[in-house]
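Engineer: Structure below; questions to follow.
2 protein chains.
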Amino acid sequence: MKKEITIYDIAANVGLSPTTVSRALSNHPRVHVNTRKKILDAAKLLGYQSNIFASSLRKRRSKSIGVIVPKLNSPFQSSVLAGMEKIASQSGYNLVISQSMESLEKEISNTNIMYNSRVDGLLVSKAGTTDNIEHFQSFFNKEIPVLFFDRVPENNHCTGVVINNTQAIYDATAHLIKEGCKRIVHVLGNLQINVYADRLKGYKYALMDHGFVFNAENVISNELDEDLGERIVKKILKLNPRPDGLLVSNDTSAASCLMALKKRGIQVPKDIAIVGFNNDLISRMVEPNLSTINYPSYHMGEVAMKNLINHLGDEQQEILQKTNTITLRSELIIRDSSKRSSYT
Amino acid sequence: MKKEITIYDIAANVGLSPTTVSRALSNHPRVHVNTRKKILDAAKLLGYQSNIFASSLRKRRSKSIGVIVPKLNSPFQSSVLAGMEKIASQSGYNLVISQSMESLEKEISNTNIMYNSRVDGLLVSKAGTTDNIEHFQSFFNKEIPVLFFDRVPENNHCTGVVINNTQAIYDATAHLIKEGCKRIVHVLGNLQINVYADRLKGYKYALMDHGFVFNAENVISNELDEDLGERIVKKILKLNPRPDGLLVSNDTSAASCLMALKKRGIQVPKDIAIVGFNNDLISRMVEPNLSTINYPSYHMGEVAMKNLINHLGDEQQEILQKTNTITLRSELIIRDSSKRSSYT
DNA sequence: ATGAAAGCGCTAACAA
DNA sequence: TTGTTAGCGCTTTCAT
């Protein structure tokens, strides 16, 4: 490995002190314009590259933000990440990204690595099995801001960027009821996750408000993956009376249910109406197009990152502590998969 | 911010030198078992966290890998990243990720940031407009390994992890010909990118080998996005004779073409057969299911990361330099969107 | 506007 | 097996 060019080399080259070079390089105001120019020129000439380790060691800041997501390869998360990256890079922050694979154990390990990596702030969408936030304690102790997004822990003082999941599913349920559905099955993920717990609430409230009786048989909590469709459809076809409405907590799974239904000759929305969640691309590509909840994922990434970065400067993170929740707008998008009115 | 606990604190606590503490902490063999235990206990007790800046400054290694992709929010890239993250985290490496947004300018900027961040290695899938690799020169000079994946630069000595794009499209084209297609339109991305240039070759070769005449009108180079379908379908419907085969370089765009065709009452595969690329989820969710090329994206991430990390130890990167290309297996998956035989 | 000196926390020679 | 010493490259008082 070649020798590093340091500010000492530049200093020697231009006949000034390392201090002045350092100041010039970091745009300190108290450096004469000509001096700065001379130094910058020399730096370029010598091929100088600042050593961020030395700088970070000294300044105790890394100019990097950690992000922990459950899974990297999901349309939702990758879109959030894209939004985050945009803002971070605009502000000169690096993104250190890791995935918890829905495992609390790995989330803890990731968190520790992030802590050791001295990220200036942490953005987390928690794993399904995470039911406490002890492992972030080291961040809290050192007052390194931690901000949750989408999947936020319950009952705590952390800021979270979320959508109103309860309202979203309330609207979806009410919509299905209005379309004449009599038995609506709700398929969702791990109920330990706020996202799904809230949606279940919205579902219940909507039933209640429309004079329906809640029936636990109509709620299926499951791993939301691509193969969900077959499993779910088998299950719901055994129910009596047969459900005529299906509320699935993500579009991929909803699409998969749609496939499984069509395969059996069950017509959507005539026999069963479907509403998905997220407004992923796939919701516009299947037939019939899926009604869904528009989830502003890219925007969520931007907002979360912006809020985190805005508060990095503050010595005391009061504002971030006090802004407990930022709720983004989401809305029901009605497409053909749930338009039953014409058939009834 | 609270005071840091350092190895000096531990040393003082257990009555040993910082050196021994450092050795114990990094599992150096020449430390007595009891000593190590005492040190580890004290470290835990005091809440010690190693300072990677100091360590990296001293060791001149960051234990982090940079990844630059064109876009974070693509099913393909996020799957590659997931594979990379898995391997990296297993080996104790952090992932610093940024996106070039298909802009050479941003790619250069990202590259410089990665260089300044002192990543131990760099993984790149290049932007569409990148036609040289000068901006990686600083990495080459310092012998920091750079490995390209999927979109690799032409004519250079860098290692790349790729699939055989030429063969893949050759097979797809041959398949369409066998299914009786007489006029096959090939829709692909920016031809400056090896991926698409190679595919065009495969298309031409296949035509040639089957006695077809290549016609430039049948090649459409375009931005491959979700809205592609309408644009493409309008174009091809103007062609005379009307094409009966469509080869689209990613599944999202292929699905979008499929939608646009169906909207106009054109039947797939009877009137026009379609083959996509990537084997994204969406290819299995549209109707008819899309024939496509299975692209082992997750695996590509794993392989690329493994190869990079394997060669980080080596002082001289000879092996990496000499292994010029790693080609992963890809294969044609035939589904309903291209099964025309029964109609002819 | 510029400089001298100290030190961030760690590790690697070298010595014992 | 353990310790001494020096220094990685930078920034930040404090002085001039």
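Protein chains in written order, with this note's numbering: chain Y, 18 to 361; chain H, 18 to 361.
Every residue, glycine too, gets a C-beta built ideally from N, C-alpha and C.
What is the DSSP secondary structure of residue 238 (chain Y), reduced to helix, strand or coil?
Structural biologist: strand
Engineer: Which same chain residues end up closer than 8 angstroms to residue 134 (chain H) when comparing Cβ atoms and leaving out the 5 residues on each side of it in sequence?
Structural biologist: If we look at residue 134 (chain H) and ignore the five residues flanking it on each side, its Cβ neighbours are 79, 81, 83, 113.
Engineer: Rounding to the nearest angstrom, what Cα-Cα distance links residue 308 (chain Y) and residue 315 (chain H) in this structure?
Structural biologist: 30 angstroms
Engineer: Could you confirm whether any beta carbon from chain H is found closer than 8 angstroms to the beta carbon of residue 317 (chain Y)?
Structural biologist: no
Engineer: Bridge partners for residue 342 (chain Y) per DSSP, in chain order?
Structural biologist: Y:177
Engineer: Of all Cβ atoms in chain H, is any one closer than 8 angstroms to the Cβ of residue 65 (chain Y)?
Structural biologist: no
Engineer: Is it true that the segment 346 to 355 of chain Y meets the segment 135 to 147 of chain Y, where meeting means three or more beta-carbon pairs spaced less than 8 angstroms apart?
Structural biologist: no
Engineer: Taking DSSP as the reference, what is the three-state secondary structure of residue 27 (chain Y)?
Structural biologist: helix
Engineer: Please decide whether residue 166 (chain H) counts as near chain Y, where near means a Cβ-Cβ distance under 8 angstroms.
Structural biologist: no
Engineer: Assuming residue 203 (chain Y) is part of the beta strand (DSSP E), what are its boundary residues?
Structural biologist: 201 to 205
Engineer: With three or more beta-carbon pairs closer than 8 angstroms as the criterion, would you say the segment 40 to 50 of chain H touches the segment 53 to 62 of chain Y?
Structural biologist: Because the criterion of three Cβ pairs below 8 angstroms is not met, the segment 40 to 50 of chain H and the segment 53 to 62 of chain Y do not touch.
Engineer: Could you pull the start and end residues of the alpha helix (DSSP H) that residue 14 (chain Y) belongs to?
Structural biologist: No information on residue 14 (chain Y) is available, as it lies outside the stretch 18 to 361 that chain Y covers here.
Engineer: For chain Y, check one thing: does any of its Cβ atoms lie closer than 8 angstroms to the Cβ of residue 256 (chain H)?
Structural biologist: no
Engineer: Take residue 28 (chain H) and list the residues in its own chain whose beta-carbon comes closer than 8 angstroms to its own, dropping the five residues that flank it on each side.
Structural biologist: 34, 35, 37, 38
Engineer: If you reduce the DSSP assignment to three classes, tell me which class residue 295 (chain H) lands in.
Structural biologist: Residue state for residue 295 (chain H) is assigned as strand, using DSSP reduced to three classes.
Engineer: Please specify which runs of the alpha helix (DSSP H), each continuous and at least 4 residues long, are wholly inside the segment 35 to 64 of chain Y, giving them in chain order.
Structural biologist: 35 to 42, 50 to 63
Engineer: Counting contacts by CB-CB distance shorter than 8 angstroms, is residue 243 (chain Y) in contact with chain H?
Structural biologist: yes
Engineer: Pick out whichever of H:132, H:196, H:213 has its Cα sitting closest to the Cα of residue 144 (chain H).
Structural biologist: H:213
Engineer: Where residue 63 (chain H) and residue 69 (chain H) are concerned, what is the direct C-alpha to C-alpha distance, given to the nearest angstrom?
Structural biologist: 18 angstroms
Engineer: Please determine if the segment 292 to 308 of chain H and the segment 297 to 307 of chain Y are in contact, where contact requires at least 3 C-beta pairs separated by less than 8 angstroms.
Structural biologist: yes
Engineer: Whose Cβ in chain Y lies nearer than 9 angstroms to the Cβ of residue 304 (chain H)?
Structural biologist: 276, 279, 303, 304
Engineer: Following the continuous alpha helix (DSSP H) through residue 106 (chain Y), name the residue where it begins and the one where it ends.
Structural biologist: 92 to 107
Engineer: Measuring from the CB of residue 202 (chain Y), is there a heavy atom of the ligand HEM at a distance below 7 angstroms?
Structural biologist: Within the structure as shown, the ligand HEM is missing, as the structure has no ligands at all.
Engineer: Between the segment 89 to 96 of chain Y and the segment 92 to 111 of chain H, do at least 3 Cβ pairs fall closer than 8 angstroms?
Structural biologist: yes
Engineer: With DSSP as the reference, label residue 78 (chain H) as helix, strand or coil.
Structural biologist: coil
Engineer: Put residue 146 (chain H) into one of helix, strand or coil per three-state DSSP.
Structural biologist: DSSP, read as helix, strand or coil, puts residue 146 (chain H) in coil.
Engineer: Give every residue of the same chain whose Cβ lies closer than 6 angstroms to the Cβ of residue 9 (chain H), excluding the five residues on either side of it in the sequence, and list them in chain order.
Structural biologist: The shown model of chain H, from 18 to 361, leaves out residue 9 (chain H), and the question about it has no answer.
Engineer: For the alpha helix (DSSP H) containing residue 22 (chain H), name the first residue and the last one.
Structural biologist: Run containing residue 22 (chain H): none; DSSP gives neither H nor E here.
Engineer: State yes or no: is the C-beta of residue 357 (chain Y) within less than 8 angstroms of the C-beta of residue 260 (chain Y)?
Structural biologist: no
Engineer: Just the Cα atoms here: how many angstroms apart are residue 23 (chain H) and residue 72 (chain H)?
Structural biologist: 12 angstroms
Engineer: Using a threshold of 8 angstroms, state whether the C-beta atoms of residue 322 (chain H) and residue 104 (chain H) are closer than that.
Structural biologist: yes
Engineer: Mind checking which residues open and close the alpha helix (DSSP H) that includes residue 228 (chain Y)?
Structural biologist: Boundaries cannot be given for residue 228 (chain Y), as no alpha helix (DSSP H) includes it and DSSP labels it neither H nor E.
Engineer: At a CB-CB cut-off below 8 angstroms, which residues of chain Y make contact with residue 112 (chain H)?
Structural biologist: 113, 114, 115
Engineer: Name the chain H residues whose beta carbon is nearer than 8 angstroms to that of residue 99 (chain Y)?
Structural biologist: Those within 8 angstroms of residue 99 (chain Y) in chain H are 88, 89, 90, 116.
Engineer: By a C-beta neighbour count over all protein chains shown, 10 Å radius and 16 as the cutoff for buried, is residue 117 (chain H) buried or exposed?
Structural biologist: buried
Engineer: From the beta carbon of residue 135 (chain Y), is the nearest beta carbon of chain H less than 8 angstroms away?
Structural biologist: yes
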